[in-house]
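Everything on this sheet refers to the single structure shown next.
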Amino acid sequence: MMRIEGSPYRKAAAMVPIHFRRLPRRSRVLLIAVFCICVLWFLPRVDLGIGKTLSFLLFGPGHGHHKPRVDILRFVDPLIGTANGGHVFPGATLPYGMAKAVADTASRAENAAGYVTDGNQVFGFSHMHDSGTGGNPSLGNFPLWAHAGCPDDDFSKCLYSSLYRGADRVPGSPFASPGYFAINLTNSVRAEMTTTQHTALYKFSFPGTDLVDIAGASDAEATTQVPYGPVILVDLIDLSNSRSNGAIVVDDATGRIVGQGTYSPSFGQGMYQAFFCADFQGARIRNTGTFQTNDATTEPKVLDMSSNSWYSSGSVGAWIQFDKPATHSILARVGVSFISADQACASAESEIPDFNFDRVEQEARDEWSDKLSAIEIDATGVSEELQTTFWSGIYRTLLSPQNYTGENQLWNSTEPYYDSFYCIWDSFRAQHPLLTLIDPEAQTEMIRGLLDIYRHEGKLPDCRMTFCKGYSQGGSNADIVIADAFVKNLTAGIDWDTAYKAVVSDAEEEPNNWGVQGRGNLVSWHNLGFIPSDDVDHNGTGPNSRTVSRGVEYAYNDFCISLLAAGLGHPQDAAKYLRRSGNWANYWNPDQLDLPYDSPVAPTPSPPPASPFRGFMQPRLTSGQFKYQNTRTCSPLHNTHSCYYDTAQDTYEGSPWLYSFFVPQDMSALITYMGGAPAFVDRLSYFHTSGLSYMGNEQGFLPVFQFHYAHRPALSSRWTHEYIPSLFNASANGIPGNDDCAMGAFSAFAMMGFFPVAGQDVYLLTAPFFAEVRVRARMEGRWAVVRTKNFDPERKRIYIQSARLDGRRYSRNWIEHEFFIKGGVLELEVGEEEGKWGTRADEAPPSYPTWEDTSKKAADGVGSGGGGGGGPGLGGVWGMGEGKGMRGGIE
């Protein structure tokens, strides 16, 4: 036996092949080194934790495709928000996916996204949905339904109409994860589903016994047994039962079913067409046919409702009866399109040619993992519930708008097309700023898509769904989304000249119908500086209401236009729109009391005011006289549901109390109007403690953080840790209102420790919920790291005591987007008591003087609050870029 002597290297060398040992030692060392580097380069591309770890240590976080170090998908629960009016879509889909498959429940007034966690029956499985919307149910076209068998094995005795065919859920069976949804029904059917971009793939499984159980439609009806013989149908209805005409064809030989219909949007005007193509695999076809309501026949194989108005709505479709499947399951592949049935078939055939359910699901999970990997957290000690709240919030943010590029039925364009902006009034405040951080490529495409809508339709949308103009809820808030992109340097492919024309069109040109685009009452807005409650608009039509809420939003829209004007070299326009952004002050009635009664005339005896605060936003008449609206109307405390789109009130989905805080462009002036910083803090604290605040609407987000402007950032931290997890949590009713793909963005931002002032280059800093948050910076291989020193997973230490940015003391209570472009380390030390950090006047976020002597101040480049710092490249009008940016708060 050969004796091995010497070093470990020699011992190891004796174990390798003889031809390798014959090489000179130096060459062997070199070859081993090269081999190790190659292995370490390869390992991150396979799912081995050691490879990821060694590669991270040797090459850093920017090497290759840097995946999360934990399986974050296990912390995503798509069922959060499927109760309590959240209207969240919990089914299978991709980020911004067009195909969205889920079980549809008969939950009247709540099934806007198809599925609701409640006790209602399931009546279909459809392939397109929106998520988190209010209003009527959206999409849900062409639902499938599966029967395990029919009475007497007779297809005509099965139930086909959506009104009668439903089945109860087996308790505890609904399950959802990114790219997958499953549910068991009491009709002996288990349904699983996954998707690609334009195609849904379903697996319907059956018990496989000769007789299958069919539960009764009510508790009083006993379970019966019928012969096993699956029937699968496709219905032309949608969730709103809005179909007008359509057609469907079933191929008797192949079983392929194709069809189309014309439908109405859920919160807008117009009609849209949709198409599908369904194929089946797993069992021999026994019979095929069509049905109208519950009348199923083998002939005809084609139904064309365009020539038969009797069946222009309701359940109409095609069906297939199968022999017993050998594997006791049938796969259904459904391609969808807004162009043609041929395109739906082509998408299905190219995206899922093999009907491989496991492959499609895994690829969907991989895509979700890739998107979510833009953020990493150190959640040591943090409860699984809070981690689930966080990751599920980010997940919901990526559900919509939906990428319909290649499916635009209105015009041909080389630009991206996104739909389901539902509505920008909701999403501009948090969702779009979050997408700018974690998926700037998609956000840039959305901006380009908005500009293409302007090119072809003449206005930017405020709300849009299924190629239709949605109702404008307030201002022209796409202006804010565009300004936000500009100040945060989203540039790839964006035509800024067109962007500027689009926002100026909003500000200057009133459309014929400003109820669905643009702005109304512009003559008064330009000449009087406010929208009178009794205004007569001769230039356009729209709901002549919401004059206060529209007015303060128009003012902020104009401020955002001034940012664009300054940055794009239009100084005179910049000054004009900055002045106009001060119109908010025309609604301020300094004498208005917080009265407990609705009439401006006090009853006898007159009760005392509801609170000691004086001065609120109020409507005005053409004469200039203030018109009274109860300051609490449309709050949770008074007439909560009186301010929706068709309201006669002067505020929309919120009270004068709420809208009195919406002056993000000039908080310094607003604080002065409210009596100074201490009085402002008292008022804002009362707003949150009295029950006036309602977090179920997005206007409630920014007031959580506006303590920063009054030099009390600790109180913003206090309220973020109060609302999370009391209102935002990991339960099915874990969000307080319609999600709108924005509720999750709010909770995600708050838990990471910074919240955007949308339209400005400002993030307000609060205590994070994690020991460390890492956001992939835009510079390749860099990360923006927010690290919590003295972190407390029990959340008793929630007040920032001090901060350091890249090792240098940082005193401002806000930070700019440059941090997320270049990367760096922001370290926040926290404690149990409110500290002095961020409490000086020069440490507050910027305010821009918009009212008194605005033109002179603008020309002089005067800012206030935090030095007037702003976005990169915005010089001249506010003196930006003169030592008032990132460096201003570092010592």
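In terms of UniProt numbering, the sequence shown has 730 at position 730, counting the first letter as 1, and numbering is strictly consecutive. In this text, a Cβ means the ideal position worked out from N, Cα and C, and glycines have one as well. Bear in mind the structure is a predicted one, so any value in this text is a computation, not a measurement.
Who are the Cβ neighbours of LYS469 in its own chain at under 7 Å, not counting the five residues just before and after it?
Here the set comprises GLY268, GLN269, GLY270, PRO461, VAL516, GLN517.
Is the Cβ-Cβ distance between HIS688 and TRP657 less than 8 Å?
In this structure, TRP657 does not lie closer than 8 Å to HIS688 by Cβ.
Per the DSSP calculation, ARG776 is bridged to which residue(s)?
Partner(s): TRP783.
Tell me, please, which residues DSSP counts as bridged to THR199.
Answer is GLY335.
If I follow the unbroken alpha helix (DSSP H) through LEU554, where does it start and stop?
For the record, residue 554 in the displayed sequence is Tyr; it is not Leu. Taken as a continuous stretch (DSSP letters only), the alpha helix (DSSP H) holding TYR554 covers 547 to 567.
Let's see if you can read the secondary structure: which residues bound the alpha helix (DSSP H) around LYS627?
Run containing LYS627: none; DSSP gives neither H nor E here.
Give the straight-line distance between the Cα atoms of ASN477 and TYR164, rounded to the nearest whole angstrom.
Roughly 43 Å between the two C-alpha positions.
Tell me, which residues are paired with SER177 by DSSP?
DSSP, once it has assigned bridges, lists TYR180 as partnering SER177.
Where GLN699 and LEU727 are concerned, what is the direct C-alpha to C-alpha distance, given to the nearest angstrom?
Their Cα atoms are separated by approximately 16 Å.
Would you kindly work out how many angstroms separate the C-alpha atoms of ALA332 and ARG683, rounded to a whole number?
Looking at the two C-alpha atoms, the distance is approximately 58 Å.
Grouping DSSP H, G and I as helix and E and B as strand, with all else coil, what is ILE482?
Looking at ILE482 - three-state DSSP - the assignment turns out to be helix.
Would you decide whether GLY691 is buried or exposed? Buried here means 16 or more other CB atoms lie within 10 Å of its CB.
That one is exposed.
For the stretch 760 to 771 against the stretch 95 to 114, do three or more pairs of beta-carbon atoms, one drawn from each stretch, fall closer than 8 Å, so that the two count as touching?
No: fewer than three Cβ pairs fall under 8 Å.
Determine, using beta-carbon pairs with one atom in the stretch 228 to 245 and one in the stretch 360 to 368, whether at least three such pairs fall under 8 Å.
No, because fewer than three Cβ pairs between the stretch 228 to 245 and the stretch 360 to 368 fall closer than 8 Å, the two stretches do not touch.
Among residues of its own chain, excluding the 5 on either side of THR622, which ones have a beta-carbon nearer than 8 Å to its beta-carbon?
Closer than 8 Å at the Cβ level, and outside the excluded window around THR622, lie SER524, LEU528, PRO532, ASP534, ASP535.
Which word fits VAL624, buried or exposed, when buried means at least 16 other C-beta atoms lie within 10 angstroms of its C-beta?
Looking at the sequence shown, residue 624 is not Val but Gly. It is exposed - the Cβ of GLY624 has fewer than 16 other Cβ atoms within 10 Å.
Could you tell me the alpha carbon to alpha carbon distance between ALA92 and PRO401, rounded to whole angstroms?
For ALA92 and PRO401, the distance between alpha carbons rounds to 16 Å.
Taking just the CA atoms, how far does LYS459 sit from ILE494?
Rounded to the nearest angstrom, the two C-alpha atoms are 17 Å apart.
Taking Cβ positions, are PHE142 and PHE276 nearer each other than 8 Å?
Yes; because the gap between Cβ atoms is below 8 Å, this pair is in contact.
Check each candidate in SER642, TYR659, LEU637 and name the one with the smallest Cα separation from GLN618.
Residue TYR659 is the option with its Cα nearest to GLN618.
Taking the CB atoms as reference points, tell me whether PHE754 and VAL382 lie closer together than 8 Å.
Contact flag unset, no.
Check whether the Cβ atoms of ARG464 and PHE428 lie closer than 8 Å to each other.
The answer is no: Cβ separation not under 8 Å.
Nearest CA to the CA of PHE123: which residue from HIS817, HIS129, LEU144?
The residue with the shortest Cα to Cα distance from PHE123 is LEU144.
Going by beta carbon distance, what residues of the same chain come within less than 6 Å of PHE705, once the five residues before and after it are set aside?
Answer for PHE705: SER716, PHE755, LEU764, listed in chain order.
I need the boundaries of the alpha helix (DSSP H) containing GLN431, first residue and last residue.
431 to 438 is the span of the alpha helix (DSSP H), which, as asked, contains GLN431.
For THR209 and GLY282, which I take to be in contact (beta-carbon distance under 8 Å), what is that distance rounded to the nearest angstrom?
Going by Cβ atoms, the distance from THR209 to GLY282 rounds to 17 Å, so no, they are not a contact pair.
How many Å lie between GLY64 and ALA442 at the Cα?
Low confidence applies to GLY64: its pLDDT is 33, below 50, so where it sits in the model is not reliable, and the reading given next is rough at best. Their backbone Cα atoms lie some 21 Å apart in a straight line.
Along the beta strand (DSSP E) that carries MET617, what are the first and last residues, could you check?
Taken as a continuous stretch (DSSP letters only), the beta strand (DSSP E) holding MET617 covers 614 to 617.
Provide the residue(s) that pair with TYR418 in DSSP beta bridges, ordered along the chain.
DSSP output for TYR418 lists ASN403 as bridge partner(s).
Can you give me the C-alpha to C-alpha distance between ARG284 and ILE352, rounded to a whole angstrom?
Each residue's alpha carbon lies about 20 Å from the other.
Based on the DSSP secondary-structure assignment, which residues constitute the bridge partners of GLY493?
In the DSSP output, where bridge partners are listed per residue, GLY493 has none listed.
So who's on the other strand from LEU765, going by DSSP bridges?
DSSP, once it has assigned bridges, lists PHE754 as partnering LEU765.
Could you pull the start and end residues of the alpha helix (DSSP H) that ASN639 belongs to?
It is not in any alpha helix (DSSP H) - ASN639 carries neither H nor E in the DSSP assignment.
Name, in chain order, the residues that DSSP records as bridge partners for SER329.
Partner(s): SER205.
Less than 8 Å between CB atoms is the rule here; does ASP323 satisfy it with respect to chain D?
Absent from the structure is chain D; it holds one protein chain and no more.
Is the CB-CB distance between SER599 and TYR577 below 8 Å?
No, Cβ-Cβ distance for SER599 and TYR577 is not below 8 Å.
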